[in-house]
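3 is the number of the first residue of the sequence shown in our numbering; add one for each residue after it.
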Amino acid sequence: MPEESKPALSVDATSDFADLVNLAGRPLGAGVIAANDEWFADKENLLLAETPVFQPHTFGPKGQIMDGWETRRRRGASAEEPHVHPGDHDWAVVRLGAAGVVSGVVVDTAHFTGNYPPFASVEAAYLPGHPSLDEVLAADVEWTEIVPRSPLKGDTAHRFDVAERRRFSHVRLNIFPDGGVARLRVHGEVVPDADYLDGLTLDLLAAEFGGVAEAASDRYFSSPHNMNAPGRSRVMGEGWETRRRRDDGHDWVRLRLAGPALLSAVEIDTDHYKGNAPGWIRLVATDGDPADESGWWELLPPTRVQPDTRHRFRVAPERAARHVRIEVYPDGGVARLRLLGRVTAEGLAELRCRAAESSA
Numbered sequence: 003m004p005e006e007s008k009p010a011l012s013v014d015a016t017s018d019f020a021d022l023v024n025l026a027g028r029p030l031g032a033g034v035i036a037a038n039d040e041w042f043a044d045k046e047n048l049l050l051a052e053t054p055v056f057q058p059h060t061f062g063p064k065g066q067i068m069d070g071w072e073t074r075r076r077r078g079a080s081a082e083e084p085h086v087h088p089g090d091h092d093w094a095v096v097r098l099g100a101a102g103v104v105s106g107v108v109v110d111t112a113h114f115t116g117n118y119p120p121f122a123s124v125e126a127a128y129l130p131g132h133p134s135l136d137e138v139l140a141a142d143v144e145w146t147e148i149v150p151r152s153p154l155k156g157d158t159a160h161r162f163d164v165a166e167r168r169r170f171s172h173v174r175l176n177i178f179p180d181g182g183v184a185r186l187r188v189h190g191e192v193v194p195d196a197d198y199l200d201g202l203t204l205d206l207l208a209a210e211f212g213g214v215a216e217a218a219s220d221r222y223f224s225s226p227h228n229m230n231a232p233g234r235s236r237v238m239g240e241g242w243e244t245r246r247r248r249d250d251g252h253d254w255v256r257l258r259l260a261g262p263a264l265l266s267a268v269e270i271d272t273d274h275y276k277g278n279a280p281g282w283i284r285l286v287a288t289d290g291d292p293a294d295e296s297g298w299w300e301l302l303p304p305t306r307v308q309p310d311t312r313h314r315f316r317v318a319p320e321r322a323a324r325h326v327r328i329e330v331y332p333d334g335g336v337a338r339l340r341l342l343g344r345v346t347a348e349g350l351a352e353l354r355c356r357a358a359e360s361s362a
């Protein structure tokens, strides 16, 4: 096995908010729980993972079938006042798949050209536990505007940075006065519930608990963020795959766990990677500064892996790990990486402090 040779290329996962987990993703457990109107197209379309599509001249009983959420046309109060009031609007409420701090929102009006809303805003709120619809819509719920009323264009993915660094569990999309939106994405960082994690052995790399890819040597064919996505991959493109190396180095991804933890088991899944699986994989971990190479220790020695196979290994929880680096030799694809363990007492205290700070 060649000695470790860390490539120079490093990709900071937070350089673009769209690189962060989509808190409104269906795989994470998000759902559109209410809308005041969905006459032309269903509210659930807002969260579909697939790119919006349009098929002309496909009509249903209510008109052209649109891949998005579309409301009917609003009207004024009377013939004397046929136009809507400037504040009139439609809305849809989304329960995020995991509570977290939102960094950016995408409001995509793809394929809506003569029927898009000219303005939109986004509000957010935090409700603990599993609130009912009536509780979410109650008058005493405090909604915070995270995207002010902003102009929209047709057939455009609008990106909005969010400065409010608070923890939210629900968002409300408002469109003025009516129209259609194809997709809504809410990107951010999960802030997990420390009380739930306390004492449980879980996949602490899972996106739903706040695990995230921090840096990677290569993401040519697909993103390293796929490795800790919910569920198993359905196709080869839903994992992390590098280009073919033509040197004597290797590829790697550095990941951050939900919190400092004692790890006891590892799952490495090369599902769908048949002619392009790595030959060997090594895991190293650290609880310190990831830039300090002297602080990394070996969690799993260089181990041969098979194509299209789910590999499971027990590891010794000797030291706490906060960051893990998966190294693939020399290159190839990994569908999923699972790291099972328990958050340490110090890690739980950190998570409780972070939750308190982001809820203030």
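Glycine is no exception: its CB is placed at the ideal position from the N, C-alpha and C atoms. Predicted model, so just to flag it, every value in this text is computed and none were measured.
- In summary, A165 is exposed, with fewer than 16 beta-carbon neighbours lying within 10 Å of its beta-carbon over all protein chains present.
- Rounded to whole angstroms, the gap between the alpha carbons of H274 and G239 is 9 Å.
- In chain order, F42 place their CB closer than 6 Å to the CB of K64, counting only its own chain and leaving out the 5 sequence neighbours on each side.
- For R174, same chain residues with a beta-carbon under 6 Å away, outside a window of 5 residues either side, are W93, V95, E125 in chain order.
- Counting only the Cα atoms, R312 lies some 43 Å from D136.
- Assignment of D136 by DSSP, reduced to helix, strand and coil, places it in the helix class.
- For V268, the number of other beta carbons within 10 angstroms of its own is at least 16, and it is reported as buried.
- Under the three-state reduction of DSSP output, G31 falls in the coil class, being neither helix nor strand.
- Taken through DSSP and simplified to helix, strand or coil, E269 comes out as strand.
- Contact between the stretch 19-32 and the stretch 186-196 is present: 3 or more CB-CB pairs across the two stretches fall below 8 Å.
- The C-alpha of D197 lies about 8 Å from the C-alpha of L350.
- Between D294 and A287, the alpha-carbon positions lie close to 11 Å from each other.
- Beta-bridge analysis with DSSP links N24 to H189.
- Rounded to whole angstroms, E144 and E40 show a C-alpha spacing of 25 Å.
- H91 and L207 have their C-alpha atoms roughly 40 Å apart.
- For P303, the closest alpha carbon among the candidates E329, P280, D291 is that of E329.
- For the pair R314 and S171, the Cα-to-Cα distance works out to about 34 Å.
- Taking the CA atoms as reference points, M229 sits about 22 Å from D291.
- Ranked by Cα distance from T305, the options S296, R316, G297, W298 are led by R316.
- Three or more beta-carbon pairs drawn from the stretch 218-234 and the stretch 328-343 are found closer than 8 Å, and the two stretches are therefore classed as touching.
- Nearest neighbour of P194 by Cα position, chosen from G213, D249, G201, L154, turns out to be G213.
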